[in-house]
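Chemist: Shown below is the structure under consideration.
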Amino acid sequence: MKKILAAGIAFTCLSLSAIAQDAATAKLEKVEAVVATDIQIPEGKKLSRVFIVGDSTASPFNDPYYIPRFGFGTKVQDYLNSKKAAVVNLAVSGRSSKNFITDSGSGKNYELLKSNIRKGDYLLIAFGHNDEKLEEERYTNPNGGKDEAGSFKNSLYENYVKLAQNAGAIPVLVTPIVRLNKDGKYEGNSVHVTKGSSEFPGGDYPQSIRDLGSEIKVTVVDQTANTKALYEKIGDEAKKFHAQTGMKEGSIDTTHLNAYGASVIAKILVEDLAKKDKNFKKLVGKITEPKYDLDSLKNADYVEPGYGAPQAKSVNFETTDPWWGAAFGSIGGSTKAGNSDLNEIEENANGVVMHSGMKDGSKDCGKIANSEDGILFYFQKLPVDKDFTLTADAKILNIKSNNQVSFGLMARDNVIIDESLGGLNSNYAAAGAVKIANVDAWSAGFARIDTVLQENPHSVESVPAKGTSVALSITKKGNEFTVQYGKEAPVTYTINLNEYDKENMYVGTYTSRNAYVEFTNISLELK
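Numbers -20 to -1, 1 to 507, taken from mature numbering (1 follows the signal peptide of the UniProt record, and there is no 0), label the letters of the sequence shown in order.
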């Protein structure tokens, strides 16, 4: 990657002292997909195989979280008679009923399903969480009928129900589990009833599944209703079911289960299905009540990521001092930081051009999500007590409409050089755009404080689009960070940026997931 001196950038030079960074963070790499090469298909002729297709709420993980994620599909076997039934969990994180088939990784799982499912098997179809995502790759419409291309019903029926029926197997439709709601209000998005957008209409995804089951006479296990009733009954105790990215309680993952939660949800599923299907009931083994043990849920190898300052500059990004570059956090694998197709920083006479994901939008890298972040960052290291104003103009060269896409200016607590780390959610303030697939409700300016994402809804600016430009600024005064996105009103966040790195903070431009942006007129003024 050829780089050019950034002559158009105004900055105050600061020495970049080498302070040791916790090397253990390099080991925290999230692995979300388990594809066909990892999966064994039992062959016993008298054995009923219970195939599971679905998303991260059902899938296996190899997880670095403080309390790791477990999909309920990993625990179903615990409640079945192993002499009569064997679970084949094909679920993959991040997939909808649509891109489970089209994605190159999970597509292998789908082919494995097609070539192996047979008479007497069961197929548990557990989608919904990602079908509601407002993006072309994953979205399906909850409102259309089973014969209407592009609808959720059509995707479930044509790709999964008919596949099972044609093989003589028994399809079972499973509605999505609720998302944990901190206020105990299980409605709207928490129960998968979405507002959508003009391009991607919202609706009631669980009801779509219920209606399909009634129409085609296929059994439905209503896990939305089951988990809603349970979560409402036990209240705050429902947090015990969920994964946790870090040691702080605020880092609870409201979507994903832990091992205990997966066992509880799998038990509910098996018991519900056994009541509705007498043949499945014959496959059920001895059922015992899952026991909650916090110590057993914790990841013994967990290391809180990002203590101290980075020791050396990235070997993947050539930058002019005092600017550094890094790709880190939830970027999907350690090799992606050095892949210039997915992460690139190129200085020029006017500023810097950056892109996360492919320039043409065909592949993603990184995310700004509710529970974790993964970014490409062009930055300077500043003393944590130094006040400043950072300004820049951002021209969007290409951008994908996706709620985890983001770009802008950022001041943050820590940087980890070119490491793929699940669960990174340290403090920062950002003059940037996020949740942009929500065309009418995206955010212009946001912060992460004690692991929680705090957003400033837009009111003036149009949603970011290819070819548009916007002026950005962050001003620090003490612990107050005032961010401004274009003509939006400034918003101020009070943030502590010395939790991970006691001496330094990191200030610069960033992109995430699928944003291709040129930043010009960059000015960093120290006060």
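We treat Cβ as the ideally placed atom computed from N, Cα and C, and that holds for glycine.
Just so we're clear, the structure is a prediction, and the values are computed from it rather than from any experiment.
Which residues mark the beginning and the end of the beta strand (DSSP E) in which Ser135 is found?
Modeler: Numbered from 1 along the sequence shown, position 155 holds the residue referred to as residue 135. Note, Ser135: premise wrong, no beta strand (DSSP E); alpha helix (DSSP H) at 132 to 136.
Chemist: With a CB to CB cut of under 6 Å and the five nearest residues on each side skipped, what residues in its chain are close to Glu117?
Modeler: Here the question's residue 117 lines up with position 137 in the sequence shown. Contacts found: Asn79.
Chemist: Might you give, ordered along the chain, the residues of its own chain that have their beta carbon closer than 6 Å to the beta carbon of Lys64, omitting 5 neighbours on each side?
Modeler: In the sequence shown, the residue the question calls residue 64 occupies position 84. Within the same chain, Lys64 has close Cβ partners Leu263.
Chemist: What residues are listed by DSSP as bridge partners for Phe368?
Modeler: Position 388 of the sequence shown holds residue 368. Looking at the DSSP assignment, Phe368 forms a beta bridge with Lys456, Leu506.
Chemist: Which value, in whole angstroms, describes the spacing of the CA atoms of Thr489 and Ala239?
Modeler: Along the sequence shown, one-based indexing puts residue 489 at 509. Along the sequence shown, one-based indexing puts residue 239 at 259. Each residue's Cα considered, the two are about 38 Å apart.
Chemist: Which class does Tyr119 belong to by DSSP, given the choice of helix, strand or coil?
Modeler: What you label residue 119 is simply residue 139 of the sequence shown in a count that begins at 1. Correct three-state label for Tyr119: coil.
Chemist: To the nearest angstrom, report how far apart Ala4 and Lys220 are at their CA atoms.
Modeler: The residue labelled residue 4 in the question sits at position 24 within the sequence shown. The residue labelled residue 220 in the question sits at position 240 within the sequence shown. Its pLDDT being 28, under 50, Ala4 is placed unreliably by the model, and the measurement read from it follows with that caveat. Computed Cα separation, rounded: 27 Å.
Chemist: Residues in the same chain with beta-carbon distance under 8 Å from Tyr272, minus the five sequence neighbours each way, listed in chain order, please.
Modeler: As a position in the sequence shown, residue 272 is number 292, starting the count at 1. Closer than 8 Å at the Cβ level, and outside the excluded window around Tyr272, lie Lys220, Tyr240.
Chemist: If we define contact as Cβ-Cβ less than 8 Å, is Phe52 a contact residue for chain C?
Modeler: Included in the structure is just one protein chain, with no chain C present.
Chemist: Along the chain, which unbroken stretches of the beta strand (DSSP E) at least 3 residues long are found entirely within the stretch 20 to 55?
Modeler: Counting only runs of 3 or more, we get 28 to 34.
Chemist: Look at the alpha carbon of Ala246 and the alpha carbon of Asn89, and state the distance between them as a whole number of angstroms.
Modeler: The count along the sequence shown starts at 1 and reaches residue 246 at position 266. The count along the sequence shown starts at 1 and reaches residue 89 at position 109. Near 21 Å, if we compare the C-alpha coordinates of Asn89 and Ala246.
Chemist: Thinking C-alpha only, which one of Glu460, Phe499, Pro444, Ser381 is nearest Arg392?
Modeler: One-based indexing of the sequence shown puts residue 392 at position 412. Ranking Glu460, Phe499, Pro444, Ser381 by Cα distance to Arg392 puts Glu460 first.
Chemist: Who does Val68 pair with in a DSSP beta bridge?
Modeler: As a first step, residue 68 is located in the sequence shown; it is residue number 88 there, counting from the start. Beta-bridge pairing links Val68 to Phe31.
Chemist: Straight-line CA distance for Lys208 to Gly148?
Modeler: Counted from its first residue, the sequence shown places residue 208 at position 228. Counted from its first residue, the sequence shown places residue 148 at position 168. Straight-line Cα distance between these residues: approximately 33 Å.
Chemist: Compute the beta-carbon to beta-carbon distance between Ile416 and Asn383, rounded to the nearest angstrom, for a pair I have assumed lies under 8 Å.
Modeler: Translated into the one-based positions of the sequence shown, residue 416 becomes position 436. Translated into the one-based positions of the sequence shown, residue 383 becomes position 403. The Cβ separation is near 7 Å, so the contact holds.
Chemist: Inspect the beta-carbon positions of Val414 and Glu435 and report whether they are closer than 8 Å.
Modeler: Within the sequence shown, the letter at position 434 stands for residue 414. Within the sequence shown, the letter at position 455 stands for residue 435. For Val414 and Glu435, yes; Cβs fall inside 8 Å.
Chemist: Taking just the CA atoms, how far does Val333 sit from Lys(-19)?
Modeler: Walking along the sequence shown from the start, residue -19 turns up at place 2. Walking along the sequence shown from the start, residue 333 turns up at place 353. The predicted position of Lys(-19) is uncertain, since its pLDDT is 30 and thus under 50; a value taken from the coordinates is nonetheless stated next. Each residue's Cα considered, the two are about 12 Å apart.
Chemist: Just to confirm, are Val30 and Leu70 a CB contact at a threshold of 8 Å?
Modeler: Within the sequence shown, residue 30 is the residue found at index 50, counting from 1. Within the sequence shown, residue 70 is the residue found at index 90, counting from 1. Against a cut-off of 8 Å, the Cβ pair of Leu70 and Val30 comes out as no contact.
Chemist: Could you tell me the boundaries of the beta strand (DSSP E) in which Ile105 lies?
Modeler: Residue numbering aside, residue 105 sits at position 125 when the sequence shown is read from its first letter. Here the beta strand (DSSP E) through Ile105 covers 102 to 106.
Chemist: Please determine, among Trp303, Lys339, Ser351, Gly346, the residue with the shortest C-alpha to C-alpha distance to Gly331.
Modeler: To locate residue 331, count along the sequence shown from 1; it is residue 351. Nearest C-alpha to Gly331: Trp303.
Chemist: So, with DSSP's three-state summary, where would you put Val264?
Modeler: Here residue 264 corresponds to residue number 284 of the sequence shown, with the count starting at 1. Reduced to three states, the DSSP call for Val264 is strand.
Chemist: Ordered along the chain, which non-local residues of its own chain (more than five positions away) have a Cβ less than 8 Å from that of Cys(-8)?
Modeler: Locating residue -8 in the sequence shown gives position 13, where the first residue counts as 1. Low confidence applies to Cys(-8): its pLDDT is 34, below 50, so where it sits in the model is not reliable enough to give any reading.
Chemist: If distances are taken between C-alpha atoms only, which option among Val487, Asp202, Val158 comes closest to residue 520?
Modeler: The structure shown does not extend to residue 520, since the chain is modelled only from -20 through 507, so no value can be given for it.
Chemist: Nearest-angstrom Cα distance between Glu324 and Gly312?
Modeler: Taking the first residue of the sequence shown as 1, we reach residue 324 at position 344. Taking the first residue of the sequence shown as 1, we reach residue 312 at position 332. Approximately 16 Å, taken between the alpha carbons.
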